[in-house]
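Numbering (this note's numbering), first residue to last: -12 to 608. Please read the structure below before turning to the comments.
Take a look at the structure:
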């Protein structure tokens, strides 16, 4: 295919709309006889119908397809199957400009033209004709994986290999690994997982030798979840896959980065133009973003988008933290329910498999990770409070006494006394405060793990089997829980840290910096999307291309057309009510949503140091 026919509307044409076929007939001009392709040659077609040059934009309809030519004497006929139809004047103008055809050509020429060996144009036509990869979904019931003898010892209520469900269901019969083990390994080798090493977990802005990151937090959650899962005889492969993936959607700079992005997407920080009565961009929360990372943003396999992680793992990640899963009725950008739009994160057909009507995970393994995350947060919050000098062991024991948490306070008091005695006898030069800190935190973790195991065993014992979702092997009840005393103590420890640490000056400074950097980056990228890296611009192109061919490649288009397209996407006044939008406004509203989500994806995927570097580079004068 060395040739492209770019044909104006001066040729004799018949269009068969039902079959999306065009037939072109024209006499062979004597001066173009050498350019006539051989009979039955197949080539790409670009046909511009009813073209007019209006205010530097070419209006009309552009048909793209693949056709073949036949010759009858001095006349030739071309039959072309139309793959795409483009009618947005700006997109047509860009196409013509990239084709390196003078706009005045469409006024003067009265025939057709052959553009030979035009590789760029061929590539452009291919991109516009062929839609991006969309996974062909198999019926769920066909995705049944084999039973594994190694799982025979597991609890009746645990998830097993045969219960696994995936969006794509790609399966290699020669692979002896279990399905949830494959999930674990895919997440471990993902780029998002590696980035956790440089994403802040704690409040402090100073990175000392005991600095805690998202990676160390993830490892702590994994250890706690594994301990509980083993004690309850659950599937540890599934538990650990959820545990190591539960924070993949976190932004840089801890929760403040998340709060800032959420405020931007809900228009509480006015960057995106428009008066939003609804919640059009879905908000931002790390557990929702984690699903997007795994199913869309990570690219490793040619067979499917994302990593094709099982629904069991995805649900555990989605529900490891509290909050509403679906938008409430009449949801607005200022909704007090903290709604998030799950449809912005996943394909519609995936959502029922995550049981969105239940705020907790319907697998026991997912419930284990959710409680393990809480335990880990309380333990290292205490650790950080001790290290910062905001709380002493004696003060903690005193507060626990006041709260009637005698079981734990008595244990901590004995540990404190024992450390003092042993230091005097054997460890004279040991750092007593460090010993206190380490043992106390360890005991708090042990206390909560034992409490969860005991309470969960009772809940499982008293569970009514007829409530069990046998078809999906899921639970409609939250069985993995702390006891009432344990829950009360967990909430109290959170309040202590909140009062002692979160309001500290260093914490306020850190959160302020996080808000300034996150908002500043988003504002710059939105006002000038060309500042986004090539990979992100390509993702925007591909995402829009799934909906319409009326698109301009930000990396490979006419500069004037690109600038005008970006102005329309970012600044065009668009009514907030869908019923009041014109087709053109609706199209640009879709493009704006894709741009906004792409910017949020890019910023949330940054590490702390990369975000700071990008901010300084872009704002450097």
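Virtual Cβ for every residue (Gly too), placed ideally from N, Cα, C.
Please name the residue or residues paired with residue 68 in a DSSP beta bridge.
Translated into positions along the chain shown, residue 68 becomes position 81. Answer by DSSP bridge pairing, in chain order: 8, 53.
Contact set for residue 84: own chain, Cβ-Cβ below 7 Å, skip 5 residues either direction
As a first step, residue 84 must be located in the chain shown, where it is residue number 97. These residues qualify, in order along the chain: 545, 548.
Are there 16 or more other CB atoms within 10 angstroms of the CB of residue 505, so buried, or fewer, so exposed?
Position 518 of the chain shown holds residue 505. Result: buried.
Within this structure, are the beta carbons of residue 204 and residue 167 separated by less than 7 Å?
Translated into the one-based positions of the chain shown, residue 204 becomes position 217. Translated into the one-based positions of the chain shown, residue 167 becomes position 180. No. Outside cutoff.
Over what stretch of residues does the alpha helix (DSSP H) that includes residue 512 continue unbroken?
As a position in the chain shown, residue 512 is number 525, starting the count at 1. Here the alpha helix (DSSP H) through residue 512 covers 492 to 514.
Name the one or two DSSP bridge partners that residue 46 has.
Taking the chain shown and counting its residues from 1, the one referred to as residue 46 is at position 59. According to DSSP, which records beta bridges pairwise, residue 46 is partnered with 39.
Going by the CB atoms, is the gap between residue 251 and residue 277 shorter than 7 Å?
The residue you call residue 277 lines up with position 290 of the chain shown. The residue you call residue 251 lines up with position 264 of the chain shown. It is not a contact, given that the beta carbons lie outside the stated cut-off.
By a C-beta neighbour count over all protein chains shown, 10 Å radius and 16 as the cutoff for buried, is residue 148 buried or exposed?
If you number the chain shown from 1, residue 148 lands on position 161. Buried, since its Cβ has 16 or more Cβ neighbours within 10 Å.
Residues bridged to residue 200 by DSSP?
In the chain shown, residue 200 corresponds to position 213, counting from 1. Residue 200 is bridged to 187.
On the DSSP letters alone, give me the boundaries of the alpha helix (DSSP H) that residue 548 sits inside.
Along the chain shown, one-based indexing puts residue 548 at 561. Per DSSP, residue 548 belongs to the alpha helix (DSSP H) from 546 to 558.
With DSSP collapsed to three states, give me the class of residue 372.
Indexing the chain shown from 1 puts residue 372 at position 385. Correct three-state label for residue 372: helix.
Just checking my contact of residue 582 with residue 556 at CB under 8 Å: how many whole Å lie between their CB atoms?
Residue mapping note: residue 582 aligns to position 595 of the chain shown, counting from 1. Residue mapping note: residue 556 aligns to position 569 of the chain shown, counting from 1. At roughly 6 Å, the Cβ-Cβ gap stays under 8 Å, so residue 582 and residue 556 are in contact.
Pick out the complete alpha helix (DSSP H) segments inside the region 234 to 279, 4 residues or longer, and give them in chain order.
241 to 252, 273 to 279
If you run the structure through DSSP and keep just helix, strand and coil, what is residue 660?
The requested residue 660 is not part of the displayed model; the chain covers only -12 to 608.
Ignoring anything shorter than 4 residues, give me the alpha helix (DSSP H) runs that lie fully in the region 521 to 545, in order along the chain.
521 to 532
For residue 536, count neighbouring C-beta atoms within 10 Å of its own C-beta (all shown protein chains included) and say buried if the count is 16 or more, exposed if not.
Locating residue 536 in the chain shown gives position 549, counting from the first residue. Buried is the call here.
Residue 606 versus residue 117: straight-line alpha-carbon distance, rounded
The residue given as residue 606 occupies position 619 in the chain shown. The residue given as residue 117 occupies position 130 in the chain shown. One C-alpha to the other measures close to 39 Å.
Can you give me the C-alpha to C-alpha distance between residue 378 and residue 342, rounded to a whole angstrom?
To locate residue 378, count along the chain shown from 1; it is residue 391. To locate residue 342, count along the chain shown from 1; it is residue 355. In a straight line, the C-alpha of residue 378 is about 41 Å away from that of residue 342.
Separation of residue 528 from residue 119, as counted between CA atoms:
Against the chain shown, residue 119 aligns to sequence position 132. Against the chain shown, residue 528 aligns to sequence position 541. Using only the alpha carbons, I get a separation of about 10 Å.
For my contact list, residue 236 and residue 201 are in at a C-beta cut-off of 8 Å; report their separation, rounded to the angstrom.
Numbered from its first residue, the chain shown carries residue 236 at position 249. Numbered from its first residue, the chain shown carries residue 201 at position 214. That belief does not hold up - the Cβ atoms of residue 236 and residue 201 are roughly 10 Å apart, past 8 Å.
What would DSSP say about residue 285, mapped onto helix, strand or coil?
Here residue 285 refers to the residue found at position 298 when the chain shown is read from its first residue. Note: residue 285 maps to coil in three-state DSSP.
Report yes or no: do three or more beta-carbon pairs, one from the region 211 to 223 and one from the region 570 to 581, lie closer than 8 Å?
no
Per the contact definition of three or more C-beta pairs closer than 8 Å, is the region 33 to 40 in contact with the region 508 to 516?
no
Cβ-based neighbour list, residue 145, same chain, cut-off 6 Å, excluding 5 preceding and 5 following:
As a position in the chain shown, residue 145 is number 158, starting the count at 1. So the list reads 221, 222, once near-sequence residues are dropped.
Are the region 596 to 605 and the region 279 to 289 touching, with three or more C-beta to C-beta distances below 8 Å?
no
When the Cβ atoms of the region 207 to 219 are set against those of the region 238 to 248, are three or more pairs found closer than 8 Å?
no
For residue 461, count neighbouring C-beta atoms within 10 Å of its own C-beta (all shown protein chains included) and say buried if the count is 16 or more, exposed if not.
In the chain shown, residue 461 corresponds to position 474, counting from 1. Buried is the call here.
Mind checking whether residue 302 and residue 353 have CB atoms under 7 Å apart?
What you label residue 302 is simply residue 315 of the chain shown in a count that begins at 1. What you label residue 353 is simply residue 366 of the chain shown in a count that begins at 1. A contact, by the Cβ cut-off of 7 Å.
Does the beta-carbon of residue 451 have 16 or more other beta-carbons within 10 angstroms, so that it is buried, or is it exposed?
The residue labelled residue 451 in the question sits at position 464 within the chain shown. Exposed is the call here.
Could you pull out every residue in the same chain whose Cβ sits closer than 8 Å to the Cβ of residue 612, ignoring the five residues on either side in sequence?
No statement about residue 612 is possible, as the shown extent of the chain runs from -12 to 608 and does not include it.
Spatial neighbours of residue 593 in its chain, beta-carbon cut-off 6 Å, leaving aside the 5 residues before and after
Position 606 of the chain shown holds residue 593. Here the set comprises 239.
Classify residue 195 as helix, strand or coil using the three-state DSSP reduction.
As a position in the chain shown, residue 195 is number 208, starting the count at 1. Its pLDDT being 48, under 50, residue 195 is placed unreliably in this model, and the coordinates cannot settle the point.
Looking at the unbroken alpha helix (DSSP H) that takes in residue 571, where does it start and where does it end?
Counted from its first residue, the chain shown places residue 571 at position 584. Taken as a continuous stretch (DSSP letters only), the alpha helix (DSSP H) holding residue 571 covers 570 to 591.
Taking a contact to mean a Cβ-Cβ separation below 7 Å, would you say residue 45 touches residue 80 in this structure?
Counting from one through the chain shown, the residue named residue 45 turns up at place 58. Counting from one through the chain shown, the residue named residue 80 turns up at place 93. Yes; because the gap between Cβ atoms is below 7 Å, this pair is in contact.
Give me, in chain order, the residues of the same chain whose beta-carbon lies closer than 6 Å to that of residue 245; leave out the 5 immediate sequence neighbours on both sides.
Numbered from its first residue, the chain shown carries residue 245 at position 258. Around residue 245: 238, 273.
Inspect the beta-carbon positions of residue 32 and residue 78 and report whether they are closer than 7 Å.
Taking the first residue of the chain shown as 1, we reach residue 32 at position 45. Taking the first residue of the chain shown as 1, we reach residue 78 at position 91. For residue 32 and residue 78, no; Cβs fall outside 7 Å.
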